[in-house]
Structure formats: structure tokens, C-alpha cells
Amino acid sequence: MRVGIVQQKNTGSRLGNITHSAGAARRCQEMGAELIVFQELHTGSYFCQTEDVDVFDRAESIPGPSTEFFGKLASELGVVIVTSLFEKRAPGLYHNTAVVIEKDGSIAGTYRKMHIPDDPAYYEKFYFTPGDKGFGVISTSVGKLGVLVCWDQWFPEAARLTAMAGADVLIYPTAIGYEKGDTPEEKARQRDAWLISQRGHAVANGLPVISVNRTGFEADPSGVTDGIQFWGSSFVCGPQGEYLHQLGENEQAEAVVEIDPRRTEAVRRIWPFFRDRRIDSYAGLTKRYLND
Numbered sequence: 000m001r002v003g004i005v006q007q008k009n010t011g012s013r014l015g016n017i018t019h020s021a022g023a024a025r026r027c028q029e030m031g032a033e034l035i036v037f038q039e040l041h042t043g044s045y046f047c048q049t050e051d052v053d054v055f056d057r058a059e060s061i062p063g064p065s066t067e068f069f070g071k072l073a074s075e076l077g078v079v080i081v082t083s084l085f086e087k088r089a090p091g092l093y094h095n096t097a098v099v100i101e102k103d104g105s106i107a108g109t110y111r112k113m114h115i116p117d118d119p120a121y122y123e124k125f126y127f128t129p130g131d132k133g134f135g136v137i138s139t140s141v142g143k144l145g146v147l148v149c150w151d152q153w154f155p156e157a158a159r160l161t162a163m164a165g166a167d168v169l170i171y172p173t174a175i176g177y178e179k180g181d182t183p184e185e186k187a188r189q190r191d192a193w194l195i196s197q198r199g200h201a202v203a204n205g206l207p208v209i210s211v212n213r214t215g216f217e218a219d220p221s222g223v224t225d226g227i228q229f230w231g232s233s234f235v236c237g238p239q240g241e242y243l244h245q246l247g248e249n250e251q252a253e254a255v256v257e258i259d260p261r262r263t264e265a266v267r268r269i270w271p272f273f274r275d276r277r278i279d280s281y282a283g284l285t286k287r288y289l290n291d
């Protein structure tokens, strides 16, 4: 499986963003990509730094403008695309949604972000209802894709359930970065933890991981915080957590990476974590805390 990853900055306009995404997708296809993955909410700014009711006007239906545009692009290039958008499901009901588009331009499936953060500069609970589709796979011509979104990447339960559903690969469209005022030490701790967490999911589940983050600085429109410096560092790793490719922190770029899904079988034979799981002893995971 040849995977194209696209790491980009916000241009300040939807047209500029989708034009860049489309150009990057074409370059990936020219390099042999069969699957192209974009970052979280790549058609616009990361608007969750503030709570603003007017932002709901940016939400769109599925099918809608983004799925139509990227559907045509997928059909033109003959590739599978993972795009990300602000979904309007119904009046007053919105989701942070990843859409997988098949090579013929049809929608293969969707995933609605399950874990919704609410932290300074990441006020996502104001905008997004938690997903209700659970953790599963989206079947495509290139394999069974286990798509999750950003904050989901910190939860081993999400990766495990997606792997148990038969995923060939875990995919994380992402938007994460530093607050401008963070110390160099804190920046290093945060970025390292992000990388370690996802590589750990690869190891624990014997699956390759694709993580695509945005890059560039985006100011806080309210001026309350110092804005977000997205740390890029998009990467693909194999089922033992080994890096297959990684982009830079400040690099607006794309890359095509070869993944061999057959390695999952070999890795799970030498590290048989699925065999040794004590499924009779994990009921506590369905509780909030055990010492109440």
C-alpha cells in the first residue's frame, strides 16, 4: 500500500486550502500513492481556539461541497482519499468528521470523532457532538481503514477496538501544537508524548499508523492565548513502531510511503498480544474509576 501524507498550513481561505490540498494530492498520485490522507479540518483554520456561534455557518452536510470536490479529485486521480470536515448533521447537531472517499469518487464511509477535548485553545466541545458510530473499519479498495481523529490518538481503547474490528492500518488526521509561550522543555515533552503514544498503538496492536498533523502558526482571534504553533511532524510507522517516514515540524510538504500490511501477521506471531489478552479481566475498563 503506497500512502500519501499531506502536511499543510492554513492559507487563510477555504479556496486556498483546498487548492493546496488538491495540488498536493496530484503530486502524491504522480509518486504512486494509492491512498492519500489529509490533516484534521484541512479546508479551513483550526477555529476551536475561540467559542463563536457564527462559526457554525462553516459546517456542511455529507454529501456536500467538500465530499463533492474531493470525490471528483479521487475519481480523477484514481486514489482513495481520507478528508476531514466540520459536519452539519442536523440543525444544532455538528460533528468533527473524517470521510473516506473511494477511487470512483463515492463515499466509502465516515467516522465521527469520539473523544472531544475542551482545553485552552482547543474548545471543541462548544462545536462538536461526540461521535455515535463507535470504533470500526471502513472497507476500501486498498484495505480496511481504521480512521480515528486527533484527540482519539491519546486513548489506547480506541486503537484497540479499531484493531479488533479488523483494521489493516490506523489513521489519525490531526491538529495539535504548542502554545507560543511554552518553554522549549515543555514543547519537547508534549511532542515526544504525542509521537510515543501513537507508536505505542502500532506496537500494541501490530498495525502500521498514519498520523497527519497540520503545521504553521494560527493566531487566537480573541487574543486570550498566544495562538497555536502546530508542530507538524506527520509520520508513518510500521507495526513495531518503527518510523517509515516523518516530515518536519515547520515543513509544508507531502510524502509517499510504502506500507506492507502483510507484516501485521508476522509481527503478531512474534508478539502475540491478541492471544494473551485477558478478556475475562477487563470489565473495569467500562467504569470511570475503580475506587469509588
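Using numbering that gives the first Met the number 0, the final residue of the sequence shown is 291, and nothing's skipped along the way.
We put the CB at the ideal spot given by N, CA and C, even for glycine.
Everything numeric in this text was worked out from a predicted model, so none of it was measured.
- The Cβ-Cβ distance between Ala24 and Leu84 does not fall below 8 Å.
- Apart from the 5 residues on each side of it in sequence, Arg198 sits with its Cβ closer than 6 Å to the Cβ of Cys236 and Gly240 in its chain, given in chain order.
- The beta-carbon distance between Phe134 and Ile100, rounded to whole angstroms, is 20 Å. This is too long to meet the 8 Å contact definition.
- Contact annotation: the region 43-63 does not touch the region 135-149, with fewer than three C-beta pairs closer than 8 Å.
- The secondary-structure analysis by DSSP pairs Asn95 across a beta bridge with Phe85.
- Here Val266 carries a helix assignment [DSSP, helix/strand/coil].
- A Cβ-Cβ contact shorter than 8 Å links Pro172 with Val211.
- Under the three-pair Cβ rule at 8 Å, the region 220-230 does not count as touching the region 267-278.
- Cβ-Cβ distances below 7 Å link Pro129 to Met113 and Ile115 in the same chain, with the five nearest sequence neighbours on each side left out; the list follows chain order.
- Runs of alpha helix (DSSP H) with 4 or more residues, each lying fully within the region 137-181, are found at 155-163, listed in chain order.
- Note on the region 225-256: whole beta strand (DSSP E) runs with a minimum of 3 residues are 227-230, 234-236 and 242-245, in chain order.
- Spatial neighbours of Leu147 in its own chain (CB-CB distance under 6 Å, excluding positions within 5 residues in sequence) are listed in chain order as Ala157 and Tyr171.
- Leu92 and Phe127 have their alpha carbons spaced roughly 8 Å apart.
- Annotation for Arg262: Gly237 and Pro238 place their beta carbon closer than 7 Å to its own, counting only its chain and skipping 5 residues before and after.
- For Thr214, the enclosing beta strand (DSSP E) starts and ends at Thr214 to Glu217.
- With contacts defined by Cβ atoms closer than 8 Å, Gly108 and Lys143 do not form a contacting pair.
- By the Cβ-count criterion, Arg159 is buried, with 16 or more other Cβ atoms from all chains shown falling within 10 Å of its own Cβ.
- Look at Ala58 here: in three-state DSSP terms it is coil, with no helix or strand label.
- Beyond the five residues adjoining it in sequence on each side, Leu289 comes within less than 8 Å, by CB distance, of Gly283 in the same chain, given in chain order.
- In chain order, Cys47 and Glu50 place their CB closer than 6 Å to the CB of Tyr122, counting only its own chain and leaving out the 5 sequence neighbours on each side.
- Here the alpha carbon of Asn9 sits roughly 10 Å from the alpha carbon of Ile17.
- The beta carbon of Ala174 lies closer than 8 Å to those of Gln38, Glu39, Leu40, Tyr45, Cys149, Asn212, Arg213 and Phe229 in the same chain, with the five residues before and after it left out.
- According to the DSSP secondary-structure assignment, Leu34 is paired through a beta bridge with Val2 and Val79.
- Under the three-state reduction of DSSP, Asp118 is assigned to strand.
- Relative to Gln28, the option among Arg88, Lys102 and Ala120 whose CA is nearest is Lys102.
- For Gly22, the enclosing alpha helix (DSSP H) stretches over residues Arg13 to Glu29.
- Judged by beta-carbon spacing, Gly145 lies within the 8 Å limit of Thr161, meaning their Cβ atoms are closer than that value.
- Separation of Val256 and Ala201 (C-alpha to C-alpha, rounded to the nearest whole angstrom) is 16 Å.
- Taking a contact as a CB-CB distance under 8 Å, the pair Ile258 and Val2 counts as one, their CB atoms being some 6 Å apart.
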